[in-house]
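Protein chains in written order, with my numbering: chain G, 34 to 212; chain L, 379 to 1366.
Written out below as C-alpha cells is the structure these notes cover.
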C-alpha cells in the first residue's frame, strides 16, 4: 500500500487526537516499518489494518467507522492533489463511472506495482448508480468513505446503501441514490 | 510529563528523520534507475544513427541501380500524375517517341495513344482503377516518331488506393476531362505506367489470324466440296467465300470447250456495285486473245497489279470490262488446261501479295480437283445407273460369295431366281453335293482368277440347267454370275434336231436336183444341137427366126439348169475346184464381148481396167472364175438403167511373193440395194423386194452361186450400195498362186490343125440326137461311125467290129453305161479300147467310179474343144501345117472365082473388114453368127472355095460354142483377105 495513504492517515489522526495517539497506535501496532512512512514508499497493507485496529481500541470507535471516515478524508486530499484531473468531470456519477477505465488506468501508469480493486459501475437513470466492488483487501468501508468523499467534493447529496454480496466480504454492491 | 513530551517529540523526529532518509534512499534509487535508462536511450540513439546512415547508403545504391534499370530497359516506363501529365519518363520512351525527355514531361500521356483508342484506353483504366485493381493491363497502339504506330501492352500500377483528402474518383476522371478538383493536396500522387512493345507480337498475331482465316476458308471450301452432290452450288459458294475474303471485285471460273478453242464463263461472283459479265462470256474464242493461253501455259499464272503491263490483246479486253488488277490461274488436269479461274479488281489497283496468290492458287487447285471429281462422279453415277440398269434387266443373278460359300451380297433383283436376300449361305440354296461342287468352283476361281461352272438341279417341275461364271474379287471373295440356261438347253436340242433334219432334207434336195437336171440337160443337148444345126441349114427366114428363138430360150434354160445344178453342188458340197493356170486378162476381156449387145441395148458405158500388177497367169478354176465374173457383171448390167459399169481387177501383195490377193471390183450406177437387204442378196432364190421378176429376169441364184463359189475359192465378197445410186461388189480371192509359166500357145491355139487317121468310133447313147451332135462335131473324112442305143446293142456291135474309140452314155434304159463299160473292160478283146463317159450329169460321188472305169469323160452339152482333146489323146492323128493347108486350098480357087477376085476383095475390104474389125474383139456370138452367115452367102455367090472353107470353119466353131476357137477363126479373117490378094499378084 502506498506510503501516501499511511502518511495521510497518521496526519489525520495527529490532527484529530494529537501526536500522542499517533505514537501510541504505532507502538501498539507492532509494525515492521516502525511507523516510518514516506509518501513515495510502498508498505504492506496489513499495517493499515493494524493501525486502524489500534486506533479503534484507543479511541473506542468501530474499525468500520474509522475506515469510512478515513475514505471520506482521503478523497478530500486527492481532490486537492489531483484537482486538475477530478475537475474534468462535471458530477460525481460521471467521475464514478470512469474509475475503472480512466482513473485506475492512470494510477497504474504512475505506480505500476499498485494493487487496485475492480469497480463495475452501472447507471440507472440520472439519480441512481450501482457500483460493484471486488477486492482481496476487503476495504469496502474505505471505499464507501471515498464515495461519500466524492459526493461531498461535487457538492452532491446521496444515500449510499452497502450490500455484502459474498461471505468473505470481497464482493460488495453499493447503490447510490441522489437525494 | 516533560519527559514524556520530550520522548514523544524525540520519537516523532526520529520517525520523520527515518522517513526522510527512506525517501532520500528511494529517490536516489529512482535517480540511478533514471540515469541508467537515460544511458540506455543514449546508446540506442547512437545505434539508430548508424543504421539510418547505412540504410540511406543502401537506398541510394538501390536507387542508382533502379534508375539504371529504368533507363536501360526496353519497356517504356513513365510516371503520370492525376491530370495525366507525365512526371517521369525513361530513355527508351524518348527514343521511341523521338522527343527529348524534358519535352515529354508535362504532356498528357493520352496524347500518345492513337486517337481511336484514346477514349477506350482511358475508360478501361478508369474502370480498373475504380474497381480497385492495383495492376491492370491493356494492349493499345501508340504514336511514335514520323507518324509511325507501335503496339504496346500497357501496365498501370495504382500505388495508392485512396486519397483521404479528396474524392479520388473525381480526381482521376479529371485527369482526362481536364477538370481538376483537387491539385495540391491530393495524396494520390502518380501512376506508374509501363508499356512493353508488342508490335512484333501483334504482327505475328495478325499473321496467325490471317492464316487461321485462310485455313478456315480453305477448310470451309474443302468441306463444302466433300459433299459430292452439288458441284454447282459448292463452286458458287466457294467463289463467294473467297471473293468476300479477298475483297476483290469479281471472281470467275471459265471452262474450256472440248476443242480447246472456245471457253465459257460458268461461274461468277461480283462484289457490290460490280457489273456481272457472265452473260457476255458464254462463247469466248481464244483467238481473240492469243496470249492468254500462252501465258497460262508457260507461266502458270496471269498476274498483273496494273493491267497496262499485259500484252495488248489481253489489255484491250480487260479494259473494256473495267479491270484494273487481275490474277488468273489455270484449272488443270495432269498437264492439260481445262479452263481457268480469275480474280479482278475493278475499283482500284491492287498489289497481289505472295500469301494472297498462294491462297488463290490453292483454291484454284481445289476447284480444279473438284471439277474433275465432279465430272468423274457424274460419269460414275451414269455408269453406275447404266450398270444397275443392265444388272437389273438381265436375267442373270449376281452375288458376292466368300470362299466357304457365305453369301455376302446379292446384287441383282431378278424374280424367280435361285437366290433370295434371306439366304446366308450356298448350303441353304443347294443340296450338300451341289453346294460342295459350288464351293469347289469358287476355290478354283480364287486360284485361277475366273472360272466357269455348269450345273443342274431338280426344279419345281423339271430339271433346271444353270451356268455360273465366277470372277475373283479379292483373296477370299468371288463374284458369281448365275444364269438359268434351261430354255437355251431346250432350244439347243431342238436346233440340233432341226439341223439334222434340214441337212437331210437339203441332201435329198441336192440329189433330186442332180437327177432332175440330168434328165433336163439330156433333152436340152438334142434341142440345142439340132436347133443350131437347123439354124445353119434352114433357108426360110421365118423358120430361121423361130429357130433363133428356140436356141436363145434353150440356152437360157440351160443356164438356169446349170445354175441350179451348180447351186445344188455347192450346197451338197459336191462342187469340185480345179486350179489350173488361167489368163485373167483373157477371161476378163471376154466379158466385154459377152455383154456387148446388152450394153449397147441399154446404152451403158463399160469400163474395164486391169491393174498392171495383175500377173499374166494365175492358178484359178477358170470356169468358176468366169462364172463369178459373168454373174456379177450380168447383175450390174441387169439392174442398171443408165450410167456405167466399171470393172477393176487389181492385186494386194501378200507376205509370200508367189501368191497374191486378187481383187475384183464391179461397180454400177444401178438401182442399188437397201441396207437391210444387202445380206439377203447372197441367199438363194431371192431378189430384193421391189425387184420385179417380170421386169428383171433371172433366177435369183447368181449371187448365191458367187458366194458359194467364193467359199470354195478362198474368197470373200463385200457389198457397198446405196439405193438409187448404185452398188459396188468387191471380191477378194485370197492367196492366189501366181503361175510363173510360159504355156505353149501352139498346142492351145491349134486345136484343129490336125486330121484323124482312118478310124472307127462307137457312140452309144439312147438318144439319137446326142449321137448326131457328136458326129457333127467330129466330122472328119476318114472316120467311120458306129451307133448303139444302149449297152447291150453296143456289146453286140463290138462282136462284129472293133472300134478305136467308144463314147458311152451312162444313163441308158436297159444296160447302162457302167455295166456296158465294165463288160468291155473285162473282155480281153476289147479292154484296150478307150471308153469315154458321155453324160449329162456328173455328181461328185460318181467321179471316182467314172475315173476308175472310163478312160475319159465328156459332159453334155459337149464342146468341140473337149471332144478334140479326147480325140487327140486316144486316136492317131496327123498335124497339118496351117500355111500348107491354105496353100493346098489355094489351088482349089475356080477360074470364075479368080476372074472376080479383084471385085470380091474390094467388096470384102469395104463391106466385111470394118464389121469384122468391130466384132473381132467383142466376140458376141450372135454378131459373129450374122457375120458368118452373110460371109457364107457372099462366098457361095462368088463361088470362092477358100472363103467358103473359112466360113465352114467359123460356123463349126460357132456351133460348138467354142469361144477360143471362134476367136481364133475370126482372127484369121484379116489374114484370109490378105491371102486372097496374093492370088491377084500372081495373076499380074
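Cβ coordinates follow ideal geometry from the N, Cα and C atoms, glycine included.
Quick caveat: nothing in here was measured; it's all calculated off a predicted structure.
Q. For residue 711 (chain L), which residues from the same chain have a beta carbon less than 8 angstroms from its beta carbon, with the 5 sequence-adjacent residues on both sides left out?
A. Residues of the same chain with a CB within less than 8 angstroms of the CB of residue 711 (chain L), apart from the 5 flanking positions on each side, are 746, 750 in chain order.
Q) When the cut-off is 8 angstroms and only beta carbons count, does residue 140 (chain G) lie next to chain L? A) Taking Cβ atoms only, chain L never reaches closer than 8 angstroms to residue 140 (chain G), which makes this a no.
Q.
Could you tell me the alpha carbon to alpha carbon distance between residue 1157 (chain L) and residue 1139 (chain L), rounded to whole angstroms?
A. Their backbone Cα atoms lie some 11 angstroms apart in a straight line.
Q. Between L:681, L:740, L:756, L:743, which lies nearest to residue 729 (chain L) when the distance is taken from Cα to Cα?
A. It is L:681 whose Cα lies nearest to the Cα of residue 729 (chain L).
Q | Contacts of residue 509 (chain L) in chain G (Cβ-Cβ under 9 angstroms) | A | Residues of chain G passing the Cβ test: none, with the nearest at roughly 42 angstroms.
Q: Return no unless some Cβ of chain G is closer than 8 angstroms to the Cβ of residue 554 (chain L).
A: Note that residue 554 (chain L) scores a pLDDT of 47, beneath 50, so its modelled location is shaky and nothing firm can be said.
Q: Figure out for me which residue from L:1214, L:1170, L:1161 has the closest Cα to the Cα of residue 1184 (chain L).
A: Comparing Cα positions, the closest option is L:1214.
Q.
Between L:1196, L:875, L:1037, L:596, which has its C-alpha nearest residue 617 (chain L)'s C-alpha?
A. When L:1196, L:875, L:1037, L:596 are compared, the shortest CA-CA separation from residue 617 (chain L) is found for L:596.
Q. Would a C-beta distance cut-off of 8 angstroms place residue 1109 (chain L) and residue 1093 (chain L) closer than the cut-off?
A. Cβ atoms of residue 1109 (chain L) and residue 1093 (chain L): closer than 8 angstroms.
Q: Grab the span of the beta strand (DSSP E) containing residue 1058 (chain L) for me, first residue to last.
A: Counting along the chain, residue 1058 (chain L) falls outside any beta strand (DSSP E), and DSSP gives it neither H nor E.
Q: Give a yes or no on whether 8 angstroms exceeds the smallest Cβ distance from residue 457 (chain L) to chain G.
A: Taking Cβ atoms only, chain G never reaches closer than 8 angstroms to residue 457 (chain L), which makes this a no.
**Q.** Beta-carbon proximity list for residue 1143 (chain L), same chain, < 6 angstroms, skipping 5 on both sides
**A.** In its chain, beyond the 5 residues on either side, 1149, 1187 have a beta carbon closer than 6 angstroms to the beta carbon of residue 1143 (chain L).
(Q) Quick check: the Cα distance between residue 111 (chain G) and residue 175 (chain G), rounded to an integer number of angstroms? (A) Taking the Cα positions, residue 111 (chain G) is about 14 angstroms away from residue 175 (chain G).
Q | Residue burial classification, residue 579 (chain L) (beta-carbon count within 10 angstroms, cutoff 16) | A | Counting Cβ neighbours within 10 Å, residue 579 (chain L) comes out exposed, since fewer than 16 surround it.
Q) Closest Cβ-Cβ distance between residue 531 (chain L) and chain G: below 8 angstroms? A) No, its Cβ sits nowhere closer than 8 angstroms to a Cβ of chain G.
**Q.** Nearest-angstrom Cα separation, counted from residue 781 (chain L) out to residue 850 (chain L)
**A.** If I take the Cα positions, the gap works out to 10 angstroms.
Q: Can you grab the Cα-Cα spacing for the pair residue 405 (chain L) / residue 134 (chain G), in whole Å?
A: Just so you know, the alpha carbons of residue 405 (chain L) and residue 134 (chain G) end up roughly 30 angstroms apart.
Q. Where in the region 464-490 of chain L do unbroken runs of the beta strand (DSSP E), each at least 3 residues long, occur, reported from the N-terminal end onward?
A. Listed in chain order, they are 464-467.
Q: Show which residues of chain L have a CB atom less than 8 angstroms away from the CB atom of residue 178 (chain G).
A: Near residue 178 (chain G) there are no residues of chain L at all, since even the closest Cβ is about 25 angstroms away, more than 8 angstroms.
**Q.** Reduced DSSP category for residue 1353 (chain L) - H, G, I as helix; E, B as strand; rest coil
**A.** Residue state, collapsed to three classes: helix.
Q) Which two residues bound the contiguous alpha helix (DSSP H) that contains residue 730 (chain L)? A) That residue, residue 730 (chain L), is in no alpha helix (DSSP H); it is neither H nor E in DSSP.
Q: Please classify residue 1196 (chain L): is it buried, with 16 or more other beta-carbons within 10 angstroms of its beta-carbon, or exposed?
A: The residue is buried, with at least 16 neighbouring Cβ atoms inside 10 Å.
Q) Would you say residue 56 (chain G) faces chain L, with C-beta separation under 8 angstroms as the test? A) Yes, its Cβ sits closer than 8 angstroms to a Cβ of chain L.
Q: Could you tell me the boundaries of the alpha helix (DSSP H) in which residue 602 (chain L) lies?
A: Start and end: 577-604.
Q) Can you tell which of L:524, L:1169, L:768 has its C-alpha closest to the C-alpha of residue 1202 (chain L)? A) Proximity to residue 1202 (chain L) across L:524, L:1169, L:768 peaks at L:1169, based on C-alpha coordinates.
Q | C-alpha distance - residue 1054 (chain L) paired with residue 1060 (chain L), whole-angstrom precision | A | C-alpha separation (whole angstroms): 13 angstroms.
Q | Member of L:1303, L:953, L:1297, L:1354 whose CA lies at the smallest distance from the CA of residue 1317 (chain L) | A | The residue from L:1303, L:953, L:1297, L:1354 with its alpha-carbon nearest to that of residue 1317 (chain L) is L:1354.
(Q) For a quick check, are the C-beta atoms of residue 1330 (chain L) and residue 1282 (chain L) less than 8 angstroms apart? (A) When the beta-carbon positions are compared, residue 1330 (chain L) and residue 1282 (chain L) stay at least 8 angstroms from each other.
Q) Quick one: what's got a C-beta closer than 8 angstroms to residue 1232 (chain L)'s C-beta in the same chain, skipping five residues either side? A) 1186, 1199, 1213, 1214, 1215.
**Q.** Cutoff 8 angstroms: residue 53 (chain G) Cβ touching any chain L Cβ
**A.** It does; some Cβ of chain L falls within 8 angstroms.
(Q) Contact defined as beta carbons within less than 8 angstroms: I believe residue 401 (chain L) pairs with residue 75 (chain G). What is the distance between those atoms, to the nearest angstrom? (A) About 12 angstroms; that fails the 8 angstroms criterion.
**Q.** Where the beta strand (DSSP E) through residue 787 (chain L) begins and ends
**A.** Secondary structure note for residue 787 (chain L): its beta strand (DSSP E) is the uninterrupted segment 785-788.
Q | Within 8 angstroms, strictly: CB atoms of residue 1248 (chain L) and residue 1152 (chain L) | A | Taking 8 angstroms as the Cβ cut-off, residue 1248 (chain L) and residue 1152 (chain L) do not qualify as a contacting pair.
Q. Checking contacts by CB at 8 angstroms: is residue 390 (chain L) closer than that to chain G?
A. Interface residue (Cβ-Cβ distance to chain G less than 8 angstroms): residue 390 (chain L) is classified as such.
Q) What is the DSSP secondary structure of residue 54 (chain G), reduced to helix, strand or coil? A) When DSSP states are grouped into helix, strand and coil, residue 54 (chain G) belongs to the helix group.
Q. Are the C-beta of residue 396 (chain L) and some C-beta of chain G separated by less than 8 angstroms?
A. It does: the Cβ of residue 396 (chain L) has a partner Cβ on chain G nearer than 8 angstroms.
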